[in-house]
Amino acid sequence: MAYEVRRDFRGYGANPPDPKWPGGARIAVNFVMNYEEGSEPSIQDGEGYTETGLTEALGPGQIPRGRDLAAEGMFEYGSRVGFWRLLRLFQERGMPMTVFGCALALERNPEAAAAIRAAGYDVCCHGWRWVKHFELPEEEEREHIRRAVASLERTVGHRPDGWYCRYGPGVNTRRLVVEEGGFLYDSDSYADELPWWVTVEGKGHLVVPYSLTHNDGKYAGPVGTSDDWFSFVRDGFDMLYAEGARAPKMMSVGLHMRLIGHPARAAGLARLLDHIQRHDGVWVTRRIDIARHWMATHPYPGRGLNEGEA
């Protein structure tokens, strides 16, 4: 039967499985650095406008025609400066992270790609370009996925371990990701706090959910200062950590180089990293390690699972 995206409002319900995290950890924490700068819509790449998302370029329509050089510079700051600041914060603490990498962006900064390789970070494919996959015809989306995989193999030295769309996925995306093959998981869902299996075209496929809540995107909305952001995400960690004494949890924290890479915001990230490191029973890890652990501990139960069924 052809794969169909179905909604599921029950999930694991009152009895989620025990993840059995390594060392009996209460919580698995995965930090994600979104590497997008250089793949966003731009005049140079044919979109006819300059992207301003998650930058200080507030108030759309400042430049109705032509290039918005201010916004371009804000994106460039992310790869020129923000990337290296985030790298230092994690390396100084010996903490791993995952890179959601847009393929074209990493092509345009070989030094950053080399640093990602040297650090041993896993790479989850964030698409070839920063585009809306749900708007792409099926054949064009298939080509975007193929091109992104080939590009990341060249720049970071291995094919991407997982998949996550820059915007929400389309109804064909998961099927095309499985069709391409080689992906151990996708993160194109915000529906849970633990991974789960689905069956796609007769094959088991793991979903490792992501979060836009514990995310520096909050700086583009209600959160203003680094103390605000630190307090907000710290509260999420503290509650999950407390709950994890009974039922272990997973937490994803999303970061953007052009946003939290600025010093006034990076200070809050530093406080969060230090807060987490003061706790025992925390597994700070890469996304690929969560996926592999889940596959080994809770293997695919067999065909017949519908979309979203655990």
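Numbering follows the UniProt record's numbering, in which position 272 of the sequence shown is assigned residue number 272; successive positions increment by one, without gaps.
C-beta: ideal position from N, C-alpha, C; glycine also.
Which of helix, strand or coil DSSP assigns to residue i
i, result
"A247", "coil"
"Y300", "coil"
"F83", "helix"
"S252", "strand"
"W283", "strand"
"V233", "helix"
"F9", "coil"
"G217", "helix"
"G78", "helix"
"G101", "strand"
"R289", "Correcting the residue identity first, residue 289 is Asp in this sequence and not Arg. DSSP places D289 in helix when its eight states are reduced to three."
"H275", "helix"
"Y241", "helix"
"R88", "helix"
Proximity to residue i [Cα-Cα], best of the options
i, options, result
"V207", "W197, H214 and N215", "W197"
"G84", "G66, N109 and R287", "One detail in the question is off: residue 84 reads as Trp in this sequence, not Gly. Cα-wise, what sits closest to W84 is N109."
"G302", "Y241, A247, D228 and E201", "E201"
"R175", "V156, H133 and H214", "H133"
"A119", "G66, R93 and C102", "R93"
"Q277", "R287, Y164, M95 and A2", "M95"
"F183", "C124, D274 and S151", "C124"
"R271", "E40, F90 and E56", "F90"
Proximal residues to residue i (C-beta, below 8 Å), its chain only, five neighbours per side dropped
i, result
"I27", "W21, F237, L240, Y241, G244, P248, K249, M250, M251, G281, V282 and W283"
"N15", "none"
"E76", "E37"
"R10", "none"
"G157", "R117"
Sub-8 Å separation of residue i and residue j beta-carbons
i, j, result
"V81", "M33", "no"
"L255", "D216", "yes"
"R292", "N30", "no"
"L152", "A115", "no"
"P19", "T213", "no"
"A25", "T50", "no"
Beta-carbon contacts of residue i that lie in its chain and below 6 Å, excluding the five residues immediately before and after
i, result
"A310", "Here A310 scores only 37 on pLDDT, less than 50, and its place in the model should not be relied on; the value that follows carries that caveat. Hits under 6 Å: Y12 and W196."
"A267", "S226"
"residue 327", "There is simply no residue 327 to check, as the chain begins at 1 and stops at 310 in what is shown."
Contact set for residue i: own chain, Cβ-Cβ below 7 Å, skip 5 residues either direction
i, result
"A148", "A103, C125, G127 and W128"
Item to check | Whole runs of the beta strand (DSSP E) within the region 184-215, excluding any shorter than 3 residues | outcome: 196-200 and 203-207
Item to check | Every unbroken beta strand (DSSP E) inside the region 107-186 [3 residues or more] | outcome: 122-125
Checklist entry - Can you list, in chain order, the stretches of the beta strand (DSSP E) that have 3 or more residues and sit fully within the region 25-57? => result 27-35
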